[in-house]
Amino acid sequence: MTKALVTGATGFLGRHTARRLVRLGWEVYGLGRDLQQGRLLEQEGAVFTAGDLRDAEAAERACRGMDYVFHCAALSSPWGKYRDFYSSNVEATSHIAEACKRYDVRRLIHISTPSIYSSQQHRYGIREDDPLPARPANAYASTKLIAERVLEQAARDGLTVYMLRPRAVFGPLDNALFPRLLAANNSRGVPLMNNGRASIDITFVDNVVDAMLLCCEAPLSAAGQAYNITNGEPVMFRDLVSRLFALLDIPLRTLPLPYAAAYSIAAVSEAVHRLLPSLGEPLLTRYSAAALGISQTLDITRAREQLGYLPRITIDEGLQSFAQWWREQS
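Sequential numbering from 0 applies to the sequence shown in numbering that gives the first Met the number 0.
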């Protein structure tokens with residue numbers, strides 16, 4: 000029986016990945032820090048272990064005897080201390096890569112991020128090898144980019160690794176993307192910068208899992224590279240939120256904002272929160288403002304041609320799936 004480790008298995012993408020592998024008949028080991036979610040994973044047929052990949056020995060124990068490792072674990076947030084992002088996203092990834100090499104894991108599938116492309120310029124059809132902004136948008140983007148560089152070196156040293164950059168993943172169990180929009184709607188309203196005309200990509204979670212599984216069968220010539228993963232259906236932000244709230248049967252409240260003003264407010268808010276860390280995460284960061292107000296779409300040609308990736312679930316089907324799950328939770 001094929002054995003697989005899923006890191007971040009108690010998170011959104013990790014749990015979907017573990018579930019799929021169990022259904023496929025794999026022997027699945029999930030590593031995470033949420034004990035309650037870990038118990039649910041065990042009920043679904045996986046073996047759960049609580050662990051922290053910032054500990055090199057924990058990474059070695061987890062990877063020993065595995066055929067495949069799906070590295071979904073990361074610290075993902077628009078706000079936080081750089082050292083926390085570095086330890087979770089760079090050091091942990093380095094530990095996983097070293098353990099995979101030591102125990103001859105067949106393939107490492109790593110979840111990276113297109114946040115490395117974020118800038119103040121509208122960009123369309125971004126390819127994986129297009130020039131990156133001179134300065135990463137935040138600590139998350141910076142450390143995820145460094146993690147890719149670590150894995151590129153590991154690939155040169157002989158590790159078979161595939162790096163995926165899925166954009167704005169959504170679906171059942173989502174605890175970040177759409178829930179934040181719903182929380183904003185319940186507060187002052189969903190920010191619509193420049194009338195919500197920004198063109199964006201999003202990705203249904205099952206399509207990301209499909210891409211991860213394709214990496215297990217892809218030719219070795221495709222290894223050592225990064226791949227953009229989206230639904231391949233760019234959509235204007237205002238259209239997306241209108242469709243989402245209509246399906247949820249929730250009145251949509253919007254907060255119109257000029258982008259320049261929103262960006263300035265975010266910069267001031269960040270400065271205040273740096274001075275007063277006890278305030279926690281700012282309501283709006285410059286990264287979040289750009290994500291909502293700046294057009295950014297990705298080219299997925301490389302994934303189509305080298306992995307055979309084809310988005311199976313459309314945005315509308317994905318929104319319906321999320322809406323059904325959300326209503327059931329409510």
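Using N, Cα and C, we set each Cβ at its ideal position, and we do this for glycine too.
All values reported here derive from a predicted model rather than from experimental measurement.
With 16 as the cutoff for other CB atoms within 10 Å, does residue i come out buried or exposed?
i: proline 77; result: buried
i: histidine 121; result: exposed
i: aspartate 129; result: exposed
i: glutamate 90; result: buried
i: alanine 210; result: buried
i: glutamate 269; result: buried
i: alanine 290; result: buried
i: leucine 219; result: exposed
i: alanine 182; result: exposed
i: valine 204; result: buried
i: valine 68; result: buried
i: valine 160; result: buried
i: lysine 143; result: buried
i: serine 329; result: exposed
i: alanine 138; result: buried
i: proline 276; result: exposed
i: tyrosine 123; result: exposed
i: arginine 63; result: exposed
i: alanine 73; result: buried
i: valine 149; result: buried
i: proline 135; result: buried
i: arginine 326; result: exposed
i: alanine 8; result: buried
i: proline 178; result: exposed
i: methionine 0; result: exposed
i: serine 263; result: exposed
i: glycine 279; result: exposed
i: leucine 267; result: Per the sequence shown, residue 267 should be read as valine rather than leucine. Exposed is the call here.
Since residue i is in the alpha helix (DSSP H), which residue starts that stretch and which ends it?
i: histidine 15; result: 11–22
i: glutamine 319; result: 314–328
i: proline 190; result: Premise fails: proline 190 lies in the beta strand (DSSP E), 189–192, not in any alpha helix (DSSP H).
i: alanine 290; result: 285–292
i: leucine 180; result: 176–185
i: glutamate 216; result: 204–216
So the candidates are the options; which of them puts its Cα closest to the Cα of residue i?
i: proline 171; options: Ala96, Leu30, Gln323; result: Gln323
i: valine 207; options: Asp248, Met162, Asn185; result: Met162
i: alanine 245; options: Leu191, Arg164, Phe321; result: Phe321
i: alanine 261; options: Ala288, Leu282, Pro281; result: Ala288
i: tyrosine 308; options: Gln319, Pro281, Tyr226, Gly317; result: Tyr226
i: serine 118; options: Arg106, Ala140, Asp315, Val149; result: Ala140
i: aspartate 33; options: Phe47, Glu43, Gln42; result: Phe47
i: glutamate 316; options: Gly195, Cys215, Phe169; result: Phe169
i: serine 241; options: Phe11, Ile228, Gln319; result: Gln319
i: arginine 311; options: Leu239, Ile228, Ile108; result: Ile228
i: glutamate 127; options: Thr300, Thr313, Ile314; result: Thr300
i: proline 257; options: Val271, Met192, Cys215; result: Met192
i: serine 114; options: Glu43, Glu147, Ala222, Ile95; result: Glu147
i: cysteine 215; options: His109, Ala49, Gly13, Arg14; result: His109
i: threonine 313; options: Ala259, Leu239, Leu274, Lys2; result: Leu239
The beta strand (DSSP E) with residue i in it runs from where to where?
i: threonine 229; result: Unbroken run through threonine 229: none, as it is neither H nor E.
i: methionine 342; result: As displayed, the chain neither begins before 0 nor continues past 329, which places residue 342 out of reach and without an answer.
i: leucine 297; result: 295–297
### Message
Going residue by residue through the stretch 231–259, where are the continuous alpha helix (DSSP H) segments of at least 4 residues, counting only ones entirely within it?
### Response
Within the stretch 231–259, the runs of alpha helix (DSSP H) that reach at least 4 residues and sit entirely inside it are, in chain order, 236–247.
### Task
Please confirm if the stretch 303–313 is in contact with the stretch 145–158, defined as three or more CB-CB distances below 8 angstroms between the two stretches.
No contact exists between the stretch 303–313 and the stretch 145–158.
### Task
Ignoring anything shorter than 3 residues or poking outside the stretch 21–97, list the beta strand (DSSP E) runs there in chain order.
Within the stretch 21–97, the complete beta strand (DSSP E) segments of 3 residues or longer fall at 26–31, 46–49, 67–70, listed in chain order.
### Query
Any chance the stretch 98–112 sits against the stretch 56–69, with 3 or more Cβ pairs inside 8 angstroms?
Contact holds between the stretch 98–112 and the stretch 56–69, because three or more Cβ pairs, one in each stretch, are under 8 angstroms apart.
### Query
Are the stretch 216–236 and the stretch 181–201 in contact at 8 angstroms, needing three or more beta carbon pairs?
Yes: the two stretches touch, three or more of their Cβ pairs being nearer than 8 angstroms.
### Query
Just checking, does the stretch 178–187 make contact with the stretch 244–252 on the three C-beta pairs under 8 angstroms criterion?
A contact exists between the stretch 178–187 and the stretch 244–252.
### Any 3 or more C-beta pairs closer than 8 angstroms across the stretch 13–22 and the stretch 79–87
Touching, no, given that fewer than three Cβ pairs across the two stretches are closer than 8 angstroms.
#### Entry: Complete runs of the alpha helix (DSSP H) confined to the stretch 95–170 [at least 4 residues]
Whole alpha helix (DSSP H) segments, 4+ residues: 138–155.
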